[in-house]
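A short worksheet on the structure shown next.
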Amino acid sequence: MENWEKLSRLPEKQVRQLQEQRVPSFLGKEVAARHPAYREAWAAGGAPRSLADLVKMPFTVKDDLLSPPGNPTGYLRYMLEAPAAAVAGGGMLGKLLGKKTTDSVLDKNQTSQFFFSAGRTGRLTPYVYAIHDIEQLRETGLRLLDVLGLTQDDTMVNAMPYLPNLCFWQVYYATVSLGATALQSGGGRILGLPKIMTALENMDATTLFTTPGYAEFLLYSAIHYKVRLPELRNIIVGYAPAPLPVIKRLEVLARMVGHPEATVKRVYYLNEAKAAWGECAPGSGYHFYPDHSFLETVTPVAPHLPGQSELVLTNLDVKGSCVVRFRTGDTIAGIAYDTCPVCKRGLPRLTGELERLQEIKKVIVNGEEKLLNLNSLYGLLAAEPDILLWQAVVSPEQGLALGVSLRNKDDAPKVLPQLQEMLTAQLGIVPQISDASYRELSERLGFEKHPVEKRIVYA
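Residue numbers (the working numbering): 6 to 464.
Okay, here's the thing in structure tokens:
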């Protein structure tokens with residue numbers, strides 16, 4: 006990877022030049038020669054030699070990465086072969102995993118970890134990180150912490166859910182590589198809320214990494230139990246939707262419990278990118294690494310809403326699993342290449358709110374099919390001060406049912422009709438709303454039972 010300080014100050018023209026160089030050197034040589042799926046796909050038309058060539062290539066989708074029925078190792082088609090395996094004989098599995106090699110170049114290709122994601126397919130998709138990728142994960146972790154403004158002097162608690170997923174492991178490798186004092190808690194499902202709060206308190210932790218929903222649950226609990234965390238000044242959230250109204254709500258709670266100037270920032274974890282990207286300030290955009298990934302936006306496939314652009318990823322420096330023009334299923338407003346107005350870095354940024362295409366559903370309303378953007382619920386309900394918790398249940402026939410826990414249950418006769426009117430205007434359908442106790446809704450959401458709470462349930 007490029008020198009970080011130099012990379013973060015490059016002007017747009019030099020960023021483009023850097024990526025132009027990566028296309029023929031990585032895609033045109035390594036991927037074209039050692040990637041079974043793309044080697045086959047590019048056999049007739051040739052490999053991309055420039056960014057202009059690249060954006061004309063066919064898309065890769067999540068279904069492509071899945072092993073077909075009866076072939077459990079089919080996902081290996083989207084892994085780079087070890088260099089010697091491209092020309093030598095031997096077992097396919099051994100070749101692709103790059104095992105039993107002694108050469109240091111080949112060692113970088115050996116499998117280190119399997120990560121998984123489900124996404125729109127609903128099926129776990131394996132994504133292989135080679136030794137090279139884990140080494141890169143250490144570097145991208147240091148970059149992430151730098152963008153977030155964290156240093157070796159910070160004391161950190163990693164409460165991302167312990168999973169074979171980038172969200173936990175990027176934070177793990179980042180904190181270990183930095184040499185900062187850090188507790189790798191595994192989140193509420195592993196260590197539990199009381200012990201995580203005790204750790205934050207006893208360690209005088211300055212920084213908490215977790216999901217937005219669990220951050221809110223923890224902060225509400227700290228208020229309820231009168232726990233003070235005066236050193237907690239950084240809450241870093243990701244892995245689940247966190248539009249700006251959610252960030253503002255968390256910031257208010259964080260300042261009630263922790264440091265009076267506590268801030269909340271966001272990170273975008275994308276398994277297939279083999280790196281996580283952070284915002285230097287809320288709304289500044291997710292700063293990504295142009296020497297590691299090429300990103301573009303395209304019109305999503307249906308269903309989608311007007312103005313949405315789907316993020317498309319191409320790896321530029323990986324071993325193990327590798328994708329070219331991969332449709333992420335996530336939408337953004339755009340990609341900015343100008344200097345960041347907040348941190349003054351020249352890194353390109355993903356701008357606007359991240360949304361998931363899988364959260365856009367077709368429902369039947371009065372016999373008419375409509376699109377329901379469930380992504381918008383997070384921001385709309387976070388902006389409602391009367392609501393503490395919520396859970397949505399969606400079905401194509403019954404539409405949207407919403408359970409809410411109110412700050413004051415006696416206000417339900419006034420608040421619920423107002424909430425229904427607001428959501429009807431924003432969503433275009435009439436939701437059925439009921440109130441529930443905080444305890445009941447917390448249990449239904451499963452903050453300590455699931456990696457991420459069951460915020461939206463499909464009936």
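Using N, Cα and C, we set each Cβ at its ideal position, and we do this for glycine too.
Y177 versus N371: straight-line alpha-carbon distance, rounded: Straight-line Cα distance between these residues: approximately 50 Å.
Burial state of G33, where buried means 16 or more other Cβ atoms lie within 10 Å: Flag for G33 reads buried.
Start-to-end residues for the alpha helix (DSSP H) that takes in T429: It spans 417-432 - the alpha helix (DSSP H) in which T429 sits, taken as one unbroken run.
Backbone CA spacing between Y230 and K459 [nearest angstrom]: Those two C-alpha atoms are separated by around 24 Å.
6 Å Cβ shell around A406 - same chain, five flanking residues per side excluded: Excluding the 5 residues flanking it on each side, A406 has same chain C-beta neighbours closer than 6 Å at V398, Q437, in chain order.
Simplified DSSP assignment, three categories, for Y83: DSSP, reduced to helix, strand and coil, places Y83 within a helical segment of the structure shown.
Collapsed DSSP secondary structure at E360 in the structure displayed: Look at E360 here: in three-state DSSP terms it is strand.
Beta carbon of L275 nearer than 8 Å to that of T180: Going by C-beta atoms, L275 is not nearer than 8 Å to T180.
Among T268, L23, Y244, E86, nearest to E35 - alpha-carbon criterion: The option with the nearest alpha carbon to E35 is E86.
Within the stretch 276-339, ranges of the beta strand (DSSP E) (whole runs, at least 3 residues): Segments of the beta strand (DSSP E) lying fully in the stretch 276-339: 280-283, 298-303, 314-320, 331-337.
K100 - DSSP class collapsed to helix/strand/coil: Bear in mind that the predicted position of K100 carries a pLDDT of just 47, short of 50, making it unreliable; the figure below should be weighed with that in mind. Note: K100 maps to helix in three-state DSSP.
Euclidean distance between Cα positions of V466 and Q141: In the structure displayed, the chain extends from 6 to 464; residue 466 sits before or after that span and is not available.
With 16 other Cβ atoms within 10 Å as the buried cut-off, status of T203: Per the 10 Å Cβ criterion, exposed.
Between the CA atoms of K349 and M165 - distance to the nearest angstrom: Taking the straight line from one Cα to the other gives about 29 Å.
Close-in-space but distant-in-sequence residues of the same chain around R148 (CB under 6 Å, 5 per side omitted): Only residues of its own chain outside the window of five on either side were considered, and among them W9 have a CB closer than 6 Å to the CB of R148, listed in chain order.
Inter-residue CB distance, F163 and L188 (contact presumed, cutoff 8 Å): Correcting the residue type first, residue 163 is Asn in the shown sequence and not Phe. That belief holds up - the Cβ atoms of N163 and L188 are roughly 7 Å apart, short of 8 Å.
Beta carbon of G193 nearer than 8 Å to that of Y219: Result yes, Cβ atoms of G193 and Y219 sit closer than 8 Å.
Under the three-state DSSP convention, the category I195 falls into: If DSSP states are grouped into helix, strand and coil, I195 belongs with coil.
Whole-angstrom C-beta distance between R271 and E284, which should lie under 8 Å: Indeed, because the Cβ distance is near 5 Å, the residues count as touching under 8 Å.
Whole-angstrom distance between P265 and I201, CA atom to CA atom: Counting only the Cα atoms, P265 lies some 21 Å from I201.
Burial state of N170, where buried means 16 or more other Cβ atoms lie within 10 Å: Around the beta carbon of N170, 16 or more other beta carbons lie within 10 angstroms, which makes this residue buried.
Endpoints, the alpha helix (DSSP H) within which K18 is located: Here the alpha helix (DSSP H) through K18 covers 17-27.
Cut-off 6 Å between Cβ atoms - residues of its own chain near V258, not counting five sequence neighbours on either side: Reading the sequence as shown, one finds Leu at residue 258 and not Val. Annotation for L258: L224 place their beta carbon closer than 6 Å to its own, counting only its chain and skipping 5 residues before and after.
Where E221 sits in the DSSP three-state scheme: Secondary structure at E221: helix, using DSSP grouped into helix, strand and coil.
Spatial distance of V92 from E45 (CA atoms): The predicted model places V92 with a pLDDT of 45, which falls under 50 and marks its position as unreliable; any figure quoted below should be read in that light. Going by the C-alpha atoms only, they are around 15 Å apart.
Extent of the continuous beta strand (DSSP E) run through A187: From DSSP, the beta strand (DSSP E) with A187 extends over 186-189.
C-alpha distance - T304 paired with P246, whole-angstrom precision: Whole-angstrom Cα-Cα distance: 21 Å.
Assigned secondary structure, Y463 (DSSP; H/G/I helix, E/B strand, else coil): The three-state secondary structure of Y463, taken from DSSP, is strand.
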